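A.B. asks:
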Amino acid sequence: AQKITQTQPGMFVQEKEAVTLDCTYDTSDPSYGLFWYKQPSSGEMIFLIYQGSYDQQNATEGRYSLNFQKARKSANLVISASQLGDSAMYFCAMREVRQFYGQNFVFGPGTRLSVLP
Amino acid sequence: NAGVTQTPKFQVLKTGQSMTLQCAQDMNHEYMSWYRQDPGMGLRLIHYSVGAGITDQGEVPNGYNVSRSTTEDFPLRLLSAAPSQTSVYFCASTSLVGSAYNEQFFGPGTRLTVL
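Here the protein sequences come in this chain order: G and D.
Anchor point for the first sequence: position 24 equals 24 in our numbering, and the numbering is continuous, going up by one each time.
The number in our numbering is simply the position in the second sequence, starting from 1, with 1000 added.
#1: Assign Arg1068 (chain D) to buried or exposed, taking buried as 16 or more other Cβ atoms, counted over all protein chains shown, within 10 Å of its Cβ.
#2: Can you pull the DSSP bridge partners for Val13 (chain G)?
#3: Which residue spans inside the region 21 to 45 of chain G form an unbroken beta strand (DSSP E) run of at least 3?
#4: Does DSSP put Gly1051 (chain D) in a helix, a strand or coil?
#5: Taking 7 angstroms as the limit between beta carbons, can you name the residues of its chain near Val1114 (chain D), skipping five residues before and five after?
#6: Got a sec, what are the start and stop residues for the beta strand (DSSP E) Leu1027 (chain D) sits in?
#7: Alpha carbon to alpha carbon, how far is Gly10 (chain G) from Leu113 (chain G)?
#8: So the candidates are D:Gln1017, D:Leu1043, D:Gln1037, D:Gln1006; which of them puts its Cα closest to the Cα of Phe107 (chain G)?
#9: How would you write the range of the beta strand (DSSP E) that Leu77 (chain G) sits in, first residue to last?
#10: Considering Cα atoms alone, identify which of D:Arg1036, D:Met1032, D:Leu1045, D:Gly1040 is closest to Gly1053 (chain D).
#11: Classify Gly108 (chain G) as helix, strand or coil using the three-state DSSP reduction.
#12: Taking 7 angstroms as the limit between beta carbons, can you name the residues of its chain near Thr7 (chain G), skipping five residues before and five after?
#13: On the DSSP bridge assignment, give the partners of Glu96 (chain G) in chain order.
#14: Using beta-carbon positions only, say whether Phe91 (chain G) and Tyr25 (chain G) come within less than 9 angstroms of one another.
#15: DSSP has Phe1074 (chain D) in a bridge; who is on the other side?
#16: If the cut is a Cβ gap below 8 angstroms, which residues of chain D does Glu44 (chain G) touch?
#17: Using CA coordinates, which residue listed in G:Met94, G:Thr60, G:Thr111, G:Gly110 is at the minimum distance from Gln1104 (chain D)?
#18: Run the CB neighbour count on Arg1036 (chain D), radius 10 Å, all protein chains shown included, and call it buried at 16 or more, exposed below.
#19: Consider the Cβ of Ala1052 (chain D): report whether some Cβ of chain G lies at a distance smaller than 9 angstroms.
#20: Starting from Arg1068 (chain D) and walking both ways along the beta strand (DSSP E), at which residues does that stretch end?
#21: I want to check one thing, is the minimum distance from the CB of Phe105 (chain G) to the heavy atoms of the ligand NAD below 8 angstroms?
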């Protein structure tokens, strides 16, 4: 079963508008972290934002915010005021912590975002 | 800090050849991992290590070997390259202190083509 689902293979958004990229996850562990990475056409992986499973408030980092709905197991990325440079692949990832050295890091298939001028 | 470095950036191999992808980090991270990225499939974990001398298999380990003799280095060996191993390979590292809240730092990637 997919641990991370990103149902939007591709998204378009007009410059300066907001966009939401969907991510749902599946875990039975109480302790986990959720991450979003950006991969521009140059290929590097850029960390954007994280949310811990015990965090009460939604994470924000500049124009990025994470809409965390724990009961629904969703961790959607919201980009406000889109810019042309936001055009990239976006990956949702989850880090499960089972025991002290038990780590599991899984990635979703990604969403390609295209920002239109 | 150089972060996570990978060499080479590009490599072309013939079927059956062997080679080693190098990965090093200077952040004293305990956890290091190798992923492959194929179109439409995100990143899939090949092998990982939680410290020197400790390695384990990920989701797609067949055809690859790893070892971890030092904290800094985590090479990935292709034993007998096959066209199915054509992919982009990423090395990543993270700290185990604080655990779930630490992101992984990625190297720039190695684009491998097997003919």
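Even for Gly, the Cβ is constructed at its ideal location relative to N, Cα and C.
Everything numeric in this text was worked out from a predicted model, so none of it was measured.
C.D. replies: Short version:
#1: buried
#2: G:Val115
#3: 32 to 39
#4: strand
#5: Leu1013, Thr1015, Ala1081, Ala1082, Pro1083, Gln1085, Thr1086
#6: One point to set straight first is that residue 1027 (chain D) is Met, not Leu, in the sequence displayed. Counting along the chain, Met1027 (chain D) falls outside any beta strand (DSSP E), and DSSP gives it neither H nor E.
#7: 6 angstroms
#8: D:Leu1043
#9: 74 to 79
#10: D:Met1032
#11: coil
#12: Asp22
#13: G:Tyr32, G:Asn104
#14: no
#15: Paired residue(s): none; Phe1074 (chain D) is not in a bridge.
#16: Phe1106, Pro1108, Gly1109
#17: G:Met94
#18: buried
#19: no
#20: Per DSSP, Arg1068 (chain D) belongs to no beta strand (DSSP E) and is neither H nor E.
#21: By its list of ligands, the structure shown contains no ligand whatsoever, and the ligand NAD lies outside what it can speak to.
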